[in-house]
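A.B. asks:
In mature numbering (1 follows the signal peptide of the UniProt record, and there is no 0), the protein residues as written are -25 to -1, 1 to 185.
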């Protein structure tokens, strides 16, 4: 009788162990993130710009806040193509009619890790078009509207924190290095081509349609 009970207990223990290991294995293989396919993201943050060309203009209010839209398509779990559009305003303290920067860009992103990880770091490289408007600017006793535009190379990175396989909280940062190829003073072009550098950090939400 004791032998039968021992065998039953051993069989029950083996069954419980098998079920536990099966559940653990299933949980270990659960999909936690998926960067393949189309995604859309919204973000907000701050941007800082500097230029060696301007005399103190970039020191008045060089840091602005704003937000943007990010569209991407993951070719697989690692390689992703994306496009961005954002706007930041710098007009907070002084009496500006307009002071803001719009940036539109396209690029490629490399996502690290895999679908079993909730935390997915990434690095990205992009080419951006920058458009800066500053008005009014006092120059030689006159007031001018500055309009500057040009391309820039952008390098950045960030981390996607997946709260579900389709929804992620995004923390990102990056830098742009370029030159304004067009410089308008009151809508009249001049030959100067100022350099420009921008740095930005942001927090956003991404939704993956996969």
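Beta carbons are placed, not taken as given, at the ideal position from N, Cα and C, and that holds for glycine.
My guess is that residue 182 and residue 142 are in contact by the Cβ rule of under 8 angstroms, so how many angstroms apart are they, rounded?
C.D. replies: Confirmed, Cβ separation roughly 6 angstroms.
A.B. asks: Report yes or no: do the segment 36 to 54 and the segment 7 to 21 share at least 3 C-beta pairs separated by less than 8 angstroms?
C.D. replies: Enough Cβ pairs lie closer than 8 angstroms, so yes.
A.B. asks: Which residues does DSSP pair with residue 122 in a beta bridge?
C.D. replies: Answer is 108 and 159, bridged to residue 122.
A.B. asks: Cβ atoms of residue 62 and residue 109: under 8 angstroms apart, would you say?
C.D. replies: Against a cut-off of 8 angstroms, the Cβ pair of residue 62 and residue 109 comes out as no contact.
A.B. asks: How many angstroms separate the CA atom of residue 163 from the CA atom of residue 76?
C.D. replies: Straight-line Cα distance between these residues: approximately 19 angstroms.
A.B. asks: Nearest to residue 37 by alpha carbon, out of 21, 80 and 97?
C.D. replies: Ranking the options by Cα distance to residue 37, first place goes to 21.
A.B. asks: Excluding five sequence neighbours on each side, which residues of the same chain lie with their C-beta closer than 7 angstroms to the C-beta of residue 72?
C.D. replies: Taken in chain order, the residues that qualify are 110 and 111.
A.B. asks: Which residue marks the beginning of the beta strand (DSSP E) containing residue 33, and which one marks its end?
C.D. replies: Run containing residue 33: none in the beta strand (DSSP E); it sits in the alpha helix (DSSP H), 32 to 35.
A.B. asks: Have a look at residue 174 and residue 133 and give me their C-alpha separation to the nearest angstrom.
C.D. replies: Distance between the alpha carbons of residue 174 and residue 133: 14 angstroms.
A.B. asks: Can you check DSSP and say which residues form a bridge with residue 170?
C.D. replies: According to DSSP, residue 170 bridges with 154.
A.B. asks: Check for me: the beta strand (DSSP E) holding residue 84 runs from which residue to which?
C.D. replies: Note, residue 84: beta strand (DSSP E), 73 to 86.
A.B. asks: Could you spell out where the beta strand (DSSP E) holding residue 45 opens and where it closes?
C.D. replies: First-last of the beta strand (DSSP E) with residue 45: 38 to 49.
A.B. asks: Residue 102 and residue 128 - do their beta-carbons sit closer together than 8 angstroms?
C.D. replies: Yes.
A.B. asks: Give me the Cα-Cα distance between residue 124 and residue 18, rounded to the nearest whole angstrom.
C.D. replies: The straight-line gap from Cα to Cα measures roughly 23 angstroms.
A.B. asks: From the DSSP output, in three-state form, read off residue 70 for me.
C.D. replies: DSSP places residue 70 in coil when its eight states are reduced to three.
A.B. asks: CA-CA distance, residue 180 and residue 144?
C.D. replies: C-alpha separation (whole angstroms): 5 angstroms.
A.B. asks: Spatial neighbours of residue -2 within its chain, please: C-beta separation below 7 angstroms, excluding the five flanking residues on both sides.
C.D. replies: Because the pLDDT of residue -2 is 42, which lies under 50, any placement of that residue in the model is unreliable, and the question is left without a value.
A.B. asks: Hey, residue 171 and residue 26 are a contact pair by Cβ (cut 8 angstroms); roughly how many whole angstroms apart?
C.D. replies: So it is a contact: roughly 5 angstroms between Cβ atoms.
A.B. asks: Please report the Cβ distance between residue 85 and residue 40, rounded to the nearest whole angstrom; I am assuming they are in contact, meaning their Cβ atoms lie under 8 angstroms.
C.D. replies: Actually they are not in contact, since the Cβ atoms of residue 85 and residue 40 sit about 28 angstroms apart, beyond 8 angstroms.
A.B. asks: How about residue 75: is its Cβ closer than 7 angstroms to a heavy atom in the ligand FAD?
C.D. replies: Among the components modelled here there is no ligand, and therefore nothing to report on the ligand FAD.
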